[in-house]
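In the numbering used here, each residue's number is its place in the sequence shown (first place is 1) plus 122.
Backbone N, C-alpha and C fix where the C-beta goes; we use that ideal spot for every residue, glycine too.
A short worksheet on the structure shown next.
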Amino acid sequence: MKKRRQKLILRIIESDSITTQAMLKERLELEGIEVTQATLSRDIREMNLIKGANGDGYLKSRRVPKHQISHRLFVLFSMAVKRVEYSGNIIVITCEPGMAASVCAIIDELHWSEIVGTIAGNDTIFVITREGTTQQLAVQFRENNC
123 MKKRRQKLIL RIIESDSITT QAMLKERLEL EGIEVTQATL SRDIREMNLI KGANGDGYLK
183 SRRVPKHQIS HRLFVLFSMA VKRVEYSGNI IVITCEPGMA ASVCAIIDEL HWSEIVGTIA
243 GNDTIFVITR EGTTQQLAVQ FRENNC
């Protein structure tokens, strides 16, 4: 069922401009697929779907080589990050307003084993780290050596 649903999601976003999860949910229901918002949100994340620029609909994100991700993160950090602090196993990255989600998405694409997970708001990112790695990662983020 999941595989079928995700194939259908791809077909829908390739043929129409779907700008919200609610629109996508409605389209799936028209195709006979009942889905909760939580399941749809998980599908979107698992499928690496992103919103297009200028309010365009969902798009399939292409995989980027790690060295390109690292360079993009360096450039984005230089422009967007204002401060990096840490306490315990949490790194708090303060960004320019509206930039946290973009920075966080690139951090997630790195798939670093030291990072347990991330949460982004409008201008703040929480990076949850494995025990004993927080200080090293915070320094790396501060120095933009990602």
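Within 8 Å, strictly: CB atoms of glycine 179 and serine 137
Sequence index remark: in the sequence shown, residue 179 carries index 57 (1-based). Sequence index remark: in the sequence shown, residue 137 carries index 15 (1-based). Not in contact: glycine 179 and serine 137 (Cβ atoms no closer than 8 Å).
Which partner residues does isoleucine 247 have in the DSSP bridge list?
The sequence position of residue 247 within the sequence shown is 125, counting from 1. DSSP, once it has assigned bridges, lists Ile215, Ala242 as partnering isoleucine 247.
Quick check: the Cα distance between threonine 216 and isoleucine 228, rounded to an integer number of angstroms?
Locating residue 216 in the sequence shown gives position 94, where the first residue counts as 1. Locating residue 228 in the sequence shown gives position 106, where the first residue counts as 1. The straight-line gap from Cα to Cα measures roughly 15 Å.
Which residues in the same chain have their Cβ closer than 8 Å to the Cβ of glutamine 143, if we skip the five residues on either side of it in sequence?
Within the sequence shown, numbered from 1, the residue matching residue 143 stands at position 21. If we look at glutamine 143 and ignore the five residues flanking it on each side, its Cβ neighbours are Gln159, Leu162, Ser163, Ile166.
Is it the case that the Cβ atoms of threonine 246 and valine 214 are separated by a distance below 8 Å?
In the sequence shown, residue 246 corresponds to position 124, counting from 1. In the sequence shown, residue 214 corresponds to position 92, counting from 1. If you check the CB distance, threonine 246 and valine 214 come in under 8 Å.
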